[in-house]
Amino acid sequence: MATLGARVSRFGLNAATIDVDALRRELEDPHCGAVVAFDGIVRDHHGGRAVSELRYEAYAAMAEREGQAIVDAALREFAVRRIIAEHRTGLLAIGEVAVHVGVAAAHRDAAFAACRFVIDQIKERVPIWKHEHYADGAAEWIHPD
Amino acid sequence: MRLQLRYFASLRDAAGSESENVEHAGDAASLYALLAARHGFALPQSRVRLAVNGAFVPWSQALHEGDEVVFLPPVSGG
Numbered sequence: 001m002a003t004l005g006a007r008v009s010r011f012g013l014n015a016a017t018i019d020v021d022a023l024r025r026e027l028e029d030p031h032c033g034a035v036v037a038f039d040g041i042v043r044d045h046h047g048g049r050a051v052s053e054l055r056y057e058a059y060a061a062m063a064e065r066e067g068q069a070i071v072d073a074a075l076r077e078f079a080v081r082r083i084i085a086e087h088r089t090g091l092l093a094i095g096e097v098a099v100h101v102g103v104a105a106a107h108r109d110a111a112f113a114a115c116r117f118v119i120d121q122i123k124e125r126v127p128i129w130k131h132e133h134y135a136d137g138a139a140e141w142i143h144p145d
Numbered sequence: 146m147r148l149q150l151r152y153f154a155s156l157r158d159a160a161g162s163e164s165e166n167v168e169h170a171g172d173a174a175s176l177y178a179l180l181a182a183r184h185g186f187a188l189p190q191s192r193v194r195l196a197v198n199g200a201f202v203p204w205s206q207a208l209h210e211g212d213e214v215v216f217l218p219p220v221s222g223g
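Which chain is which? The protein sequence lines are A and B, in order.
Position 119 of the first sequence, counted from 1, bears residue number 119 in my numbering, the numbering being contiguous throughout.
Position 70 of the second sequence, counted from 1, bears residue number 215 in my numbering, the numbering being contiguous throughout.
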């Protein structure tokens, strides 16, 4: 068996483009037979309104700490070896990747479960806010109930 | 005690500022009520989470001189 690298968990904010291909390469591990990735993409509609672009604002120091705590917890709780997640900040166009979660594991069940856990936790508790800009010129902060 | 406040998202827009320093003797809930009245925050306290020095804390936690206090509106990342 090939020598195994260290297990990895990393969360970061990214003010530029998320390089999904580069992050995918960082998941390569000879012990892993499964890679699951989730990309959240900016879509052109929300609640029946046409969206033209988004801006994400973060409480950066806390967002990085909470995000890292989430991927660290996932690495402890699931039988996975590598978890890398990034979330965008700043202005995003339709079709851009807003958030990426990639997980590598020996087997697929754990990879799917860990990926789902990480994206759900990010949405629940990382202090990042979406400012939606609409085609009609209006803009709104999204504060889910 | 002197507290450093930072505002994000709709609360920043309502406050018209990213941060302010305040003198306050009471707890976080009374501070939020005071600031909500002053700045016209639309969110009730029940929808806001409290962060002190960059970590979630319960509203019952006591504040201390120099704390960075952030009232977090419901997050919408992802």
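Just so it is clear, CB atoms sit at the ideal spot from N, CA and C, and this is done for glycine as well.
query: What number of angstroms, rounded off, separates the C-alpha of PHE228 of chain B from the C-alpha of PRO30 of chain A?; result: As shown, chain B starts at 146 and ends at 223. That puts residue 228 of chain B outside it, with no answer to give.
query: At 9 Å on the CB atoms, spell out the chain A contacts of LEU208 of chain B, in chain order.; result: Result: empty, since nearest Cβ-Cβ is about 17 Å, beyond 9 Å.
query: In this structure, how does DSSP classify LEU217 of chain B when only helix, strand and coil are distinguished?; result: strand
query: Compare the C-beta of HIS143 of chain A with all C-beta atoms of chain B and state if any pair is closer than 8 Å.; result: yes
query: Chain B beta carbons: is any one of them nearer than 8 Å to that of ARG55 of chain A?; result: no
query: According to the neighbour-count rule (16 or more other Cβ atoms, all chains shown, within 10 Å of its Cβ), is MET62 of chain A buried or exposed?; result: buried
query: Can you give me the Cβ contacts of TYR56 of chain A inside the same chain, cut-off strictly under 8 Å, excluding the 5 residues immediately before and after it?; result: HIS87, ARG88, THR89, GLY90, LEU92, ALA98, ILE128, TRP129, LYS130, HIS131
query: How is the alpha helix (DSSP H) around GLN206 of chain B delimited, first residue to last?; result: Element bounds for GLN206 of chain B: n/a, residue is neither H nor E.
query: Are the CB atoms of SER285 of chain B and HIS143 of chain A nearer to each other than 8 Å?; result: Nothing can be reported for residue 285 of chain B: it is not among the residues displayed for chain B, which extend from 146 to 223.
query: Check the Cβ-Cβ distances between LEU195 of chain B and every residue of chain A, and say whether any is below 8 Å.; result: no
query: Under the three-state reduction of DSSP, which class applies to MET1 of chain A: helix, strand or coil?; result: With a pLDDT of only 48 at MET1 of chain A, under 50, the local geometry of the prediction cannot be trusted, and the value read off the model is given with reservation. Of the three classes helix, strand and coil, the one that applies to MET1 of chain A here is coil, per DSSP.
query: For VAL214 of chain B, tell me which candidate among B:ALA182, B:ALA187, B:HIS184, B:ALA174 has the shortest Cα-Cα distance.; result: B:ALA174
query: By the 8 Å beta-carbon criterion, what residues does the stretch 81-110 of chain A contribute toward chain B?; result: HIS87, ALA98, VAL99
query: From the DSSP output, read off the bridge partner residues of ASN166 of chain B.; result: B:GLN149
query: Starting from the C-beta of GLU135 of chain A, find all residues in its chain whose C-beta is less than 8 Å away, skip the five residues before and the five after it, and write them out in chain order.; result: One point to set straight first is that residue 135 of chain A is Ala, not Glu, in the sequence displayed. Result list for ALA135 of chain A: ARG49, ALA50, VAL51, SER52, in chain order.
query: Can ALA106 of chain A and GLY5 of chain A be called in contact, C-beta distance under 8 Å?; result: no
query: Can you name the start and end residues of the alpha helix (DSSP H) that VAL42 of chain A belongs to?; result: Looking at the DSSP string, VAL42 of chain A is not in any alpha helix (DSSP H), and its letter there is neither H nor E.
query: Can you tell me which residues form a DSSP beta bridge with VAL35 of chain A?; result: A:ALA104
query: Is the separation between the beta-carbon of GLN206 of chain B and that of VAL197 of chain B shorter than 8 Å?; result: yes
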